[in-house]
Amino acid sequence: MTTATTISAVDYLVLDDGPPHLVANECTSCGARYFDRRNACASCFGTDFTTAKVATEGELTSFTIVAFAAPGVDVPFVAGLINCDGTTVRGNVVNIDPDPEHVKLGMKVRLVTNSLGADSQGVEAIGFAFAPAD
Amino acid sequence: MSKSEDIWILGIHMTKFGKHYDLDIVDIGAEAVMGALADAGVTMKDIGVMAGGNLMGKGLGITQQIQKQVGQTGIPAYNVSNACATGATALRTAIMAVKAGETDMGLAVGVEKLAGVGLLAGGSRGEDSDEWEREGRYGAVMPIDGRIGTEIMPGVFAQVGMEYGHKYGGTSFELFARISEKNHGHSTLNPLAAYNKAMSLEQIMGDIMIAYPNTRPMCSANCDGGAAAVVVNGEKLKTLSLEQQRRAVKVTASILTSDPYEEACQVLPDVNTLTRNAANQAYEQAGVGPEDLDLVELHDCFATAELVHYDNLMLCEEGGAVDFFESGAPFRTGSKPVNVSGGLQSKGHPIAATGIANIWEVAQHVRGECGDRQIEGAKVGLAHVIGLGSACGIHILESSAL
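Sequence order for the protein chains is A and B.
For the first sequence, the numbering used here assigns the number 1 to the initial residue and increments by one for each residue that follows.
For the second sequence, the numbering used here assigns the number 1001 to the initial residue and increments by one for each residue that follows.
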């Protein structure tokens, strides 16, 4: 392969190091995790960070079903918070009917990737979401 | 010039909330200020500091723009911005100056024109670029709203309420809708509310879904409006007329907090911890507890938000917000009336005005001047506001002893 044909939609989604997973900047002093770049730890003010893998399975601790959004955003879709072994992740919940009869608080979910389309060079952007674990 | 620790609201005014097609933000802000000055029985000549806020307007220096309409005296002017807590922040700024002894009387104003603007965050999304390139703090190659969670406020606050439900149980679409039904019911007695029609549970649940479980009437109403307040210290108040002293409302707590670090607070805004912190500080400063409050105006920007703040303000035991609502306590006929103004869902939410308008509501009750919706015998009340990002303002007011 000479040129990249895919790119992760955000830099905390890692596609080229084993199964797709998320990574966080983890404070080496207190263990607090962040998905954005850091100046210091908001919890303990430490300035030393390491890259930590985030668990790819977790529990849905909150969700909403967005029915009304900006033009270009496909609705309805499920947005939620997933507790991945102690690290809270924000993401959509997919592979499920977007209604409260199917989406349940506390349900087990796992990380999946999805195509978000290609740019003019044919590079496909890969995003992530969560799907029911079973 | 005098200095004293105790701070009083000498005059306060809220404009009609709603659509003011023929007025701009300066008109509405000036109307609020003129109303507050008249209510206080003073003029701009008496004011030693002024703080103002307007969040969505394009112009610079709303405080000075309003001064140019009502009186330019050369006093220090502050323009503040703190999301939905902007009004409370302006008031807090004026209070700090008076408390510090820099002047004995201050003025705060918040004003907004919002009618018809739609979703305030996530209401538009940029186009995807022609070639993927990483941008921003998450190295995103494209706008992520709707692709990695949601940024719209009804969705963010839906998750705040659902998270509470996950933690403690007992929540449902119907429960959140009933909270909204309460506030729309309360609004029928408020002629200044943007919407003052009662809505049935069926109407609320059957209305347009925005972000489950929040339907349209469960979201704060975008509207135009302004509110302003004149604050004075206790020493100065003693030199004023008996009528001014009788109508003055004591500010027994004035607190502003930001969100301390908590796990996940940078993933979903944590509106809980900073509210609980502010409430603890406010109760301590005022020397009262939640049991002493005759009424509460809290930041029900969405029906899902009102529930969690029963708990955060400690109106109930931890985890007991659903039972608190089910007991009937937060209805105007209940033991702890909450949002008798109709709340943001029906009174409306002109962002920068909200943090003073909620104080106006409480002040009118403890003065005994709230007309048809007066909570009988109200002496102590609490006003709470949250600005996402986050900021929390809490003021506790008590009626004059005169």
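By construction, the Cβ of each residue, glycine as well, lies at the ideal position given by its N, Cα and C atoms.
Item: Identify whether N1280/B lies in helix, strand or coil by the three-state DSSP scheme.; Value: helix
Item: Enumerate in chain order the residues of its own chain whose CB-to-CB distance from D17/A is below 6 Å, with the five nearest sequence positions on each side excluded.; Value: none
Item: Which residues in the same chain as T5/A place their Cβ atom closer than 8 Å to its Cβ, once the five residues preceding and following it in sequence are excluded?; Value: G122, V123 and E124
Item: Let me know the secondary structure DSSP gives T1086/B once reduced to three states.; Value: helix
Item: Taking 8 Å as the threshold, find out whether the region 1085 to 1105 of chain B comes into contact with the region 1120 to 1127 of chain B through three or more Cβ pairs.; Value: no
Item: Pick helix, strand or coil for N1233/B, following the three-state DSSP scheme.; Value: strand
Item: Let's see if you can read the secondary structure: which residues bound the beta strand (DSSP E) around S115/A?; Value: K108 to A118
Item: Please classify K1250/B: does DSSP put it in a helix, a strand, or coil?; Value: strand
Item: Mind checking if L105/A is an interface residue toward chain B, Cβ cutoff 8 Å exclusive?; Value: yes
Item: On the DSSP bridge list, what partners appear for P1330/B?; Value: Looking at the DSSP assignment, P1330/B forms no beta bridge with any residue, so it has no partner.
Item: Can you confirm whether D97/A, when its beta carbon is compared against all beta carbons of chain B, has any partner nearer than 8 Å?; Value: no
Item: Compare the beta carbon distance of P100/A and I65/A with 8 Å and say whether it is the shorter of the two.; Value: yes
Item: From the DSSP output, read off the bridge partner residues of A1008/B.; Value: Here the sequence assigns Trp to residue 1008/B, which means Ala is not the residue at that position. In DSSP, W1008/B forms a bridge with V1232/B and K1250/B.
Item: Could you check how far apart the C-beta atoms of A1282/B and A1253/B are, in whole angstroms? I think they sit under 8 Å.; Value: 4 Å
Item: Any contact of the region 1139 to 1152 of chain B with the region 81 to 91 of chain A, i.e. 3+ C-beta pairs under 8 Å?; Value: yes
Item: Using a C-beta to C-beta distance shorter than 7 Å, which residues of chain B count as neighbours of S43/A?; Value: Y1261
Item: Taking the alpha-carbon positions, what's the I1012/B to L1295/B distance?; Value: 18 Å
Item: Measuring only the C-alpha atoms, how far is F49/A from E26/A?; Value: 5 Å
Item: Does the CB of I1204/B have a neighbour CB from chain A at under 8 Å?; Value: no
Item: So if I threshold CB-CB distances at 8 Å, which residues from the region 1113 to 1125 of chain B count as touching chain A?; Value: L1119, G1122, G1123, S1124 and R1125
Item: Could you give the distance in angstroms between the alpha-carbon of V1111/B and the alpha-carbon of I1386/B?; Value: 16 Å
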